[in-house]
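Structure record follows, encoded as structure tokens.
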Amino acid sequence: MSEATRRHGAHVAGLDAEAVLGRYRALVRRRVVIVAGMALVGLAAFACDLVTGPSALTPVQVIAGLLSPESLTPPQRAIVFQVRLPYALMAVLVGAALSLAGAEMQTILDNPLASPFTLGVSSAASFGAALAIVLGIGIPGLPTDWIVPINAFVFAFGSVMLLQAMAARARGSGVETVVLLGIALVFAFNALVAFVQFLSSQEALQQLVFWSMGSLSRATWGNVGVMALVLLLVAPFSWLAAGRLTSLRLGEDRARSFGVDVGRLRFATLLRVSVLAATSVAFVGTIGFVGLVGPHIARLLIGEDHRFLLPASVCSGAVVMSLASVASKTLVPGVLMPVGIVTAIVGVPVFLLLVFRKPGRA
Amino acid sequence: MMTGQNGMLEVVDLHAGYPRRKVIDGVTLPPLARGGVHALVGPNAAGKSTLMRALAGLQPASGSVRLDGEELLGLPLAAHAARVTYMPQTLPSGVGLNVLESVAGAVRASGKGQDPRTPEQRALGVLERAGILALALEGLDRLSGGQRQLVSLAQSLVREPRVLLLDEPISALDLQHQMRVMRLVRELARERGMIVLVVLHDLQIAARWADGIVMLSSGAVAATGTPAEAITPMTLARVYGVDARVERCSKGSLQIIVDDDLHTAVPRT
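Residue numbers (our numbering), protein chains in the order written: chain G, 158 to 519; chain H, 211 to 479.
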């Protein structure tokens, strides 16, 4: 080793492999600390989310109430346990799911502006919801308050399957084809939603518009549980794909030459993304920008080794969503705005910042 | 043709391309020996990249590609990739990885094999060998073109392939980096008994560094052999359409002097 080293002059910089490895290990430790720090910030944001709201409860009362529910009056208890807690948990879960989905989406589509909704997932979900709300079309035998989310999920998931089927048939099923077909789906479903809106009654129209805004107010313990389960089931598969996703950043041919079946990786990843996005949309409606901005925040902090990027994206999404939830309760005092509006308002400046950011920064 | 020669890559009657247009049409190469650097040359659109990608298993192909007697076509991608590594022309930009991560990532992408060393240890070994250990923690986007190409090469070398396919590895490099890359490739081919097939546009470089030449024209082999056998005024006229001389310089190496374009009336593509 030493002879080869001397011959190639690597010692010029006074480095040997051991020293570099030591510095790399320090870098890894720093990243672990960053992810842990992001998780702590997420916890703090979650706590803020819990203690803010239009009702006259002090933060101390909320925390005391969480520890011993008997300290609260029954109405207060209902607010904390049926409103604050499920809403705040839903914010964390949806933020984490959308951001994880966004990170994976940006990698497999090789596009920093991709998000879980790029390929028409949310448009399809809106169409499914529209059918349920306006026409009452849904899967028979379901409890009525689950018809809309399940319809939304079925359409969102179905749109991704449709996309895959079309991409497999199209000539040159590269990334561009997938994106183009996805854009076609967005327009198609948006047109269908508009058509249903045109046909719908005043009342149904109002309901539909509110649904599509994206709001945490639909969170119940039941759908919080489902959301948590979905995230817990999907995330390990994302984690297992981290090495392959990292290698895909070096180019498709290179990744394949490293033994990565890129077609299969892309399909499995789209499947994960669609499950995460479709479940989120089904329960809270369309929430923009978290899936776009969350991964970018993570990437700026930690780079693109997906072993760190994916957990960091989960954390950043949870933070952004929790803070958006806080903002939705405090921007207009006494009014709980749909959180989907707030994320977009907060998200656009960040988005523009990213677009106009100087290229070449890691 | 014998089958099953040890230490050889044998390509027989290889076809590859698109359903309606065969880019590679029945290519048979002389057996490529281990430890040798073989240059793949030919005009643009001769099918060089398609041939390389077919050999790497990245593109559907029919015919026979045998390595140490084992048929490679039809192997699962991961098994194929464990034997053959293909290095594309360029490394994408805007990637938020440092050099060490990108090289270790090449190991981590698929099964780590039986090597007891961590991917990072293996990567550092290769970076040291390539003389770019000092760049290990540098971001990929902060590298110069020459450094990027060395890193790109390191990503392929770290997989310790038996066959290394390099697609124009030096086309964007200055003279010094051209020498450095070619020297490293040749040394490693000798040391590891690797079979290297490298696409080169510069025939002078090909003549200087390669043990053998494969000259491709319109998807078929136009000439093979040692540089002196394959690069002649006749093949240059036939394949490249140029009037050229091939002469030995005072130090004995082949020099290609192009005097004229044989098709001046016809616009070149």
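Just so you know, even glycine gets a beta-carbon here, dropped at the ideal spot from N, CA and C.
These numbers come from a predicted model, not from an experiment.
What did DSSP end up calling residue i once you bin it into helix, strand or coil?
| i | result |
| --- | --- |
| residue 239/G | helix |
| residue 465/H | strand |
| residue 519/G | Note that residue 519/G has pLDDT 39, beneath the 50 cutoff, so the model's placement of it is unreliable and the number below is only indicative. The answer is coil: DSSP assigns residue 519/G none of H, G, I, E or B. |
| residue 190/G | helix |
| residue 266/H | coil |
| residue 294/G | coil |
| residue 347/H | coil |
| residue 226/H | strand |
| residue 426/H | strand |
| residue 487/G | helix |
| residue 381/G | helix |
| residue 339/G | helix |
| residue 414/G | helix |
| residue 404/H | coil |
| residue 510/G | helix |
| residue 492/G | coil |
| residue 173/G | coil |
| residue 397/H | helix |
| residue 432/H | strand |
| residue 484/H | Limits of chain H in this structure are 211 at one end and 479 at the other, which puts residue 484/H out of reach. |
| residue 372/G | coil |
| residue 373/H | strand |
| residue 454/G | helix |
| residue 274/H | strand |
| residue 455/H | strand |
Considering only the alpha carbon of each residue, which of the options lies closest to residue i?
| i | options | result |
| --- | --- | --- |
| residue 244/H | 294/H, 328/H, 349/H, 449/H | 294/H |
| residue 284/H | 292/H, 450/H, 274/H | 274/H |
| residue 371/G | 502/G, 378/G, 497/G, 229/G | 497/G |
| residue 359/H | 297/H, 241/H, 468/H | 297/H |
| residue 412/H | 313/H, 262/H, 265/H, 377/H | 377/H |
| residue 418/H | 351/H, 393/H, 326/H, 319/H | 393/H |
| residue 192/G | 466/G, 486/G, 238/G | 466/G |
| residue 493/G | 414/G, 375/G, 400/G | 375/G |
| residue 490/G | 210/G, 203/G, 305/G | 210/G |
| residue 276/H | 220/H, 466/H, 410/H | 220/H |
| residue 355/G | 287/G, 312/G, 381/G | 287/G |
| residue 336/G | 351/G, 320/G, 174/G, 350/G | 320/G |
| residue 403/G | 308/H, 361/H, 299/H, 242/H | 308/H |
| residue 241/H | 373/H, 452/H, 367/H, 267/H | 373/H |
| residue 475/G | 358/G, 368/G, 437/G | 437/G |
| residue 200/G | 187/G, 419/G, 249/G, 276/G | 249/G |
| residue 289/H | 253/H, 452/H, 371/H, 388/H | 371/H |
| residue 247/G | 383/G, 188/G, 315/G | 383/G |
Which word fits residue i, buried or exposed, when buried means at least 16 other C-beta atoms lie within 10 angstroms of its C-beta?
| i | result |
| --- | --- |
| residue 385/H | exposed |
| residue 513/G | exposed |
| residue 411/G | buried |
| residue 290/G | buried |
| residue 461/H | exposed |
| residue 228/H | exposed |
| residue 459/H | exposed |
| residue 378/G | exposed |
| residue 163/G | Caution applies to residue 163/G, whose pLDDT of 42 falls short of 50 and renders its modelled position unreliable; the model cannot decide the point. |
| residue 216/H | exposed |
| residue 294/G | exposed |
| residue 463/H | exposed |
| residue 358/G | exposed |
| residue 292/G | exposed |
| residue 197/G | exposed |
I want to see whether chain A comes within less than 9 Å of residue i, judged by CB atoms only; does it?
| i | result |
| --- | --- |
| residue 177/G | No chain A appears in this structure, whose protein chains are G and H. |
Any heavy atom of the ligand MG inside 8 Å of the beta-carbon of residue i?
| i | result |
| --- | --- |
| residue 219/G | Looking for the ligand MG in the displayed structure turns up nothing, as the structure carries no ligands at all. |
Contained alpha helix (DSSP H) runs [length at least 4] in the stretch 294 to 336 of chain H, N- to C-terminal order: Qualifying alpha helix (DSSP H) stretches, in chain order: 309 to 318.
Cβ contact check for the stretch 306 to 324 of chain H and the stretch 393 to 409 of chain G: 3 or more pairs under 8 Å: As far as the Cβ criterion goes, the stretch 306 to 324 of chain H touches the stretch 393 to 409 of chain G, which means the pair count is three or higher.
Contact between the stretch 248 to 263 of chain G and the stretch 437 to 455 of chain G (3+ Cβ pairs under 8 Å): Verdict: yes, contact present.
Stretch-stretch touch, CB-based, cutoff 8 Å, three pairs: the stretch 258 to 271 of chain H with the stretch 385 to 402 of chain G: At 8 Å Cβ cutoff, the stretches do not touch.
The stretch 302 to 310 of chain H / the stretch 345 to 356 of chain H touching (three or more Cβ pairs under 8 Å): The stretch 302 to 310 of chain H is in contact with the stretch 345 to 356 of chain H.
Cβ contact (3+ pairs, closer than 8 Å) linking the stretch 324 to 342 of chain H and the stretch 178 to 189 of chain G: At 8 Å Cβ cutoff, the stretches touch.
Cβ pair count under 8 Å reaching 3, the stretch 281 to 289 of chain G against the stretch 460 to 475 of chain G: Judged by Cβ distances under 8 Å, the stretch 281 to 289 of chain G makes no contact with the stretch 460 to 475 of chain G, as fewer than three pairs qualify.
Meets three-Cβ-pair contact criterion under 8 Å: the stretch 228 to 243 of chain G and the stretch 269 to 279 of chain G: The stretch 228 to 243 of chain G vs the stretch 269 to 279 of chain G: no contact.
contact_flag[the stretch 301 to 308 of chain G, the stretch 339 to 352 of chain G] where n(CB pairs < 8 Å) is 3 or more: Contact fails: fewer than three Cβ-Cβ distances are below 8 Å.
The stretch 437 to 451 of chain H contacting the stretch 395 to 403 of chain H, beta-carbon criterion three pairs below 8 Å: Taking a contact to require three or more Cβ pairs closer than 8 Å, the stretch 437 to 451 of chain H and the stretch 395 to 403 of chain H do not qualify as touching.
At least 3 beta-carbon pairs within less than 8 Å: the stretch 438 to 449 of chain G vs the stretch 220 to 235 of chain G: Output reads no: the stretch 220 to 235 of chain G does not touch the stretch 438 to 449 of chain G.
Stretch pair the stretch 244 to 255 of chain H + the stretch 417 to 431 of chain H: three plus CB contacts closer than 8 Å: Under the 8 Å Cβ criterion, the stretch 244 to 255 of chain H counts as touching the stretch 417 to 431 of chain H, having at least three qualifying pairs.
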